[in-house]
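Data block below; observations after.
In the working numbering, the protein residues as written are 3 to 322.
See the structure below:
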């Protein structure tokens, strides 16, 4: 029981030593804790444990020798170009056809606007050995190249480091499988199975990263921003008689005047609860003041009747 657990502890320590660089940058060297763990193993360790420790030390030591850079480097190439073309739809179709002809494929297409104002951004991937050819073909469609940005990232050392860690983890997995087959108790089997699950998860993660680096280096990415050629500015002679322009300006002025009247009517209607009571009160006050200012003229006494002249005395009759 004690021997089995001690063997499991030694294997897990070697696993941590071999994969300690997982949380470090890819450029960092692999730790060499494997040989030290083997040196610290007790003298009375059974042959199985000593063999596991020696094997772990050899694997960890072999990881240093495997850090040699291969002759064929892994370079991830990317390019972004901004172009002016006579017809955006035709240029986009030409890029699609060219990418398929070179053994690549279109990743995404984003289109904005319509007609003569349409612009497009197309991203496609081609084999790395056809990268320059594809880029030259895209630029050949342009009447003007606004910008060109080409970049490359060397991921060779990261890939080599991942290979070394993968070999160490696979060796650890094989030793854990051997321990699992020799486990006699359920408790020991569960412990080994848990450790085996962790190691297998790290193996799958490293394999996925290596596959991604391979694909990125094998297929280069090009992003092309396509813009239409702007139309030439219209030349207008200021001194020439332009009845159409005059009619348009007159119509525009009439529409603006009508809109102003409608806006004024809308404002007037909305403010009716405010100005209507004030208007009625002012009108009532004005009429009241007007009636109070007009007083009736004083009644004049009737003029006196004209005096009658005294009657003349009757004339004497003549004697007969």
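Every residue, glycine too, gets a C-beta built ideally from N, C-alpha and C.
Since we're looking at a predicted model, the values are computed, not measured.
Could you check how far apart the C-beta atoms of residue 139 and residue 79 are, in whole angstroms? I think they sit under 8 Å.
Taking the first residue of the chain shown as position 1, residue 139 is located at position 137. Taking the first residue of the chain shown as position 1, residue 79 is located at position 77. Going by Cβ atoms, the distance from residue 139 to residue 79 rounds to 15 Å, so no, they are not a contact pair.
Mapping the DSSP letters down to three states, classify residue 82 as helix, strand or coil.
The residue given as residue 82 occupies position 80 in the chain shown. Strand.
Measuring only the C-alpha atoms, how far is residue 125 from residue 171?
Position 123 of the chain shown, counted from the start, is the residue given in the question as residue 125. Position 169 of the chain shown, counted from the start, is the residue given in the question as residue 171. Going by the C-alpha atoms only, they are around 37 Å apart.
Say whether the region 99 to 118 touches the region 246 to 254, bearing in mind that this needs 3 or more beta-carbon pairs closer than 8 Å, one atom from each stretch.
no
With distance defined between alpha-carbon atoms, name the residue in 128, 77 and 119 nearest to residue 223.
Taking the first residue of the chain shown as 1, we reach residue 223 at position 221. Ranking the options by Cα distance to residue 223, first place goes to 128.
In whole angstroms, give me the CA-to-CA distance for residue 233 and residue 141.
As a working note, residue 233 is residue 231 in the chain shown. As a working note, residue 141 is residue 139 in the chain shown. Their backbone Cα atoms lie some 21 Å apart in a straight line.
Could you round the C-beta distance between residue 90 and residue 122 to whole angstroms and report it? I think they count as a contact, below 8 Å.
Residue mapping note: residue 90 aligns to position 88 of the chain shown, counting from 1. Residue mapping note: residue 122 aligns to position 120 of the chain shown, counting from 1. About 5 Å separates the two Cβ atoms, so the contact holds.
I believe residue 231 touches residue 145 by the beta-carbon criterion, under 8 Å. Please report the beta-carbon distance rounded to the nearest angstrom.
The residue you call residue 231 lines up with position 229 of the chain shown. The residue you call residue 145 lines up with position 143 of the chain shown. That pair is a contact at about 6 Å.
Let's test the definition: count the other Cβ atoms within 10 Å of the Cβ of residue 94 and tell me whether it reaches 16, buried, or not, exposed.
Position 92 of the chain shown holds residue 94. So residue 94 ends up on the buried side.
Quick one: Cα of residue 74 to Cα of residue 159, how far?
Reading the chain shown from its first residue, position 72 is the one you call residue 74. Reading the chain shown from its first residue, position 157 is the one you call residue 159. Using only the alpha carbons, I get a separation of about 11 Å.
Alpha carbon to alpha carbon, what distance is there between residue 162 and residue 211?
Here residue 211 refers to the residue found at position 209 when the chain shown is read from its first residue. Here residue 162 refers to the residue found at position 160 when the chain shown is read from its first residue. Each residue's alpha carbon lies about 12 Å from the other.
Less than 8 Å separating the beta-carbons of residue 175 and residue 198?
If you number the chain shown from 1, residue 175 lands on position 173. If you number the chain shown from 1, residue 198 lands on position 196. Yes; because the gap between Cβ atoms is below 8 Å, this pair is in contact.
Where does the unbroken alpha helix (DSSP H) through residue 76 begin, and where does it stop?
By 1-based counting over the chain shown, the position of residue 76 is 74. Looking at the DSSP string, residue 76 is not in any alpha helix (DSSP H), and its letter there is neither H nor E.
Rounded distance between the beta-carbons of residue 77 and residue 156, thought under 8 Å
The residue labelled residue 156 in the question sits at position 154 within the chain shown. The residue labelled residue 77 in the question sits at position 75 within the chain shown. About 6 Å; that satisfies the 8 Å criterion.
Proximity below 8 Å, CB of residue 225 to CB of residue 82
For the purposes of this step, residue 225 is taken as residue 223 along the chain shown, with counting starting at 1. For the purposes of this step, residue 82 is taken as residue 80 along the chain shown, with counting starting at 1. Against a cut-off of 8 Å, the Cβ pair of residue 82 and residue 225 comes out as a contact.
Determine the DSSP secondary structure at residue 2, reduced to helix, strand or coil.
Missing from the structure shown is residue 2; the chain here goes from 3 to 322 and no further.
I need the straight-line Cα distance from residue 213 to residue 235, nearest angstrom please.
For this step, residue 213 is matched to residue 211 along the chain shown. For this step, residue 235 is matched to residue 233 along the chain shown. If I take the Cα positions, the gap works out to 53 Å.
Tell me the rounded alpha-carbon separation between residue 191 and residue 185.
As a working mapping, residue 191 is identified with position 189 in the chain shown. As a working mapping, residue 185 is identified with position 183 in the chain shown. Between residue 191 and residue 185, the C-alpha separation is close to 6 Å.
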